Every structure is written in structure tokens, then in C-alpha cells.
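Residue numbers are given in UniProt numbering: position 233 of the sequence shown equals residue 233, and the series is strictly consecutive. Quick notes on the structure that follows.
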Amino acid sequence: MAAQQESPRVALVTGAARGIGKGIALRLAADGLDVAVNDIEANSDQLKEVAEQIESTGRRSTTVVADVSDPDAVQTMVERVATDLGQLNVMVANAGIADVKPLLETTPEDFDHLMSINLRGVYLCYTVAAKQMIAQGTGGKIIGAASIVAYRPFPLLGNYSASKWAVRGLTQAAAMEWAQHDITVNAYCPGIVGTAMWDHIDEKLAENEGLRKGAAIEKYSELIHLGRVSVPEDVAGFVSYLASEDSDYMTGQSVMIDGGIQFS
């Protein structure tokens, strides 16, 4: 009798319509995982295209439009992925936003909005995914989006930096609590990446410093020892490792993938 073929592992990537999230989703599909992708309604057309790209490689995909700051939406998202694709083995809590302004101009509403996505959203994705993995009894990989500013903030990114420091702490605590369930929890810390988010950061930094658009990213790029701005594939390669069995003995870590801007 032929051995029963093991079904492919299933990953869910939030904020996957573009940028780093898209790069991660496509890399995990290339690694042989079935990949569910999430984003907000405004990015639903791009999200559908990412799912189609995944399916064109022979892997299964499903799209889930949801706001990661909404507990009910995250619960429904995880349940739907487990139903549509059979299980959930890898959660990549990638969705996030940036807000570039001085702390003295940051309102409580600004602060709460950013934290609701960058921190509360990661917390919700971590915990709901962990409950699903515990129920399955097969362990799993939970991976979060931090940043180099989780180690050393950038000026004008105080709010964003604080959210990423918090993700680093949350990642460590979750790793401690869920190790008994064979769930590893780690985070990736990108530096300067050529994405729409960094275009926004560059525009605001340049505006604040009286520079032309593009000049701020050039200025900060001089800090990169490897001499080039990152692309999403650089980050996706590391997330591929975190999602694989090669990282089974690694947990609670937040690792910088920044070309050598700074060091832990």
C-alpha cells in the first residue's frame, strides 16, 4: 500500500497585497506551502492578484479581507483559513502602518490608530493563531513584523518605533508561553526597504528636513554597510527560514535584516 501523502503546510500572511507581505507570501508558496493572504478592503484588487500568482505556481490560496485591529475579524479570518485550506501551520503577522511626525505633533488619536494595527493587530494574530495551532495539536510557527527601530528608534518615527519595540517584547513573552505547545515565535526586523511604506516615510522625512523627495532615503541609505536599499525578497528569504523546520530550535528572537545599518 502506498504511503498517504502528507498535505502541504498552510501559511497565512497579513498585509500581503504588496511590499514585504507580498514578497513573503510568494516566497512561502515557492517553498511549497499553501498560502492564504490578507489585507484591507482598499487593497482587495491587489490581494486577488497575489492569490492568483500563488495559484499559478500550483499552490492553493485564499484571500481574506479583514482589519487586523478587529478581534472578530481576526477570529473569522483564522477560522476561514483553517476551513478553506485545512489547517494553519504558519502565521505571519506582517500588516503595519507608519506615521512620520514629531512626537510633539502626534495626537492621542494618531497614537491609538497606529498601535491598533502595529501592536494590537500583531497581538490578535499571534493569540488567535496560537489557539488554532494548539487545537490542531501539531505545533506551528508564529512570525511577526518588527523593525530595526525595535532596537534603536529613528527621529520622527517615535510612535512607530514604540510599536515595534512592543512587538519585540510580545514576541519574547509568547515564545516563553507557547513553547510547551511546540510553537515557535520570532520576528523579523527590516531596515530600509524599497516599498510603498518607505516611499511614504521618505516623503515625510524629506518634507520635515527641507529636502527634495527621494533625498531622505538617499541620506539614510548611506548608513547601509552592504551599500543598497533592501528589497522585499531579502526579508522574505529570512521569513522562509523562520517558517521552515530549519528554525525549530529558534524562538523568541527578533532579527535585523537591514544590510548592516545597526547591530543587536
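Cβ atoms here follow ideal geometry from the backbone N, Cα and C, with glycine treated the same way. Source: prediction; values computed, not measured.
Under the three-state DSSP convention, the category residue i falls into
i: N38; result: strand
i: M176; result: helix
i: K213; result: coil
i: P71; result: helix
i: residue 271; result: In the structure as shown, the chain starts at 1 and stops at 264, and residue 271 therefore has no counterpart that could be examined.
i: A93; result: strand
i: S61; result: strand
i: S254; result: strand
i: L12; result: strand
i: S7; result: coil
i: S230; result: strand
i: D99; result: coil
i: D248; result: coil
Per DSSP, the bridge partner or partners of residue i
i: A29; result: None; A29 has no bridge partner.
i: N186; result: I143
i: A66; result: DSSP, once it has assigned bridges, lists no residue as partnering A66.
Spatially closest choice to residue i from the options, by CA coordinates
i: I142; options: N89, L119, S163; result: N89
i: K213; options: S161, D199, P155; result: D199
i: P71; options: V255, I117, L47; result: I117
i: P190; options: E209, A173, Q262, P155; result: Q262
i: A130; options: A98, A42, M176; result: M176
i: L170; options: A206, I40, L119, V128; result: L119
Own chain residues within Cβ distance below 6 Å of residue i, not counting five before or after
i: K204; result: V100
i: V122; result: A93, G144, V167
i: H181; result: I134
i: G158; result: L103
i: D34; result: P8, V10, R59, R60, L85
Residues of its chain near residue i, where Cβ-Cβ distance is below 7 Å and the 5 sequence neighbours each way are ignored
i: P232; result: G19, I20, K22, G23, V193, T195
i: Q53; result: L26
Beta-carbon proximity of residue i to residue j, cut-off 7 Å
i: T184; j: T138; result: no
i: L85; j: R59; result: no
i: A174; j: Y126; result: yes
i: T63; j: V81; result: no
Beta-carbon contacts of residue i that lie in its chain and below 8 Å, excluding the five residues immediately before and after
i: A150; result: S161, K164, W165, V167, R168, A187, C189, S254
Any non-hydrogen atom of the ligand PLP closer than 6 Å to residue i Cβ
i: G158; result: The ligand PLP is absent from the structure shown, which contains no ligands of any kind.
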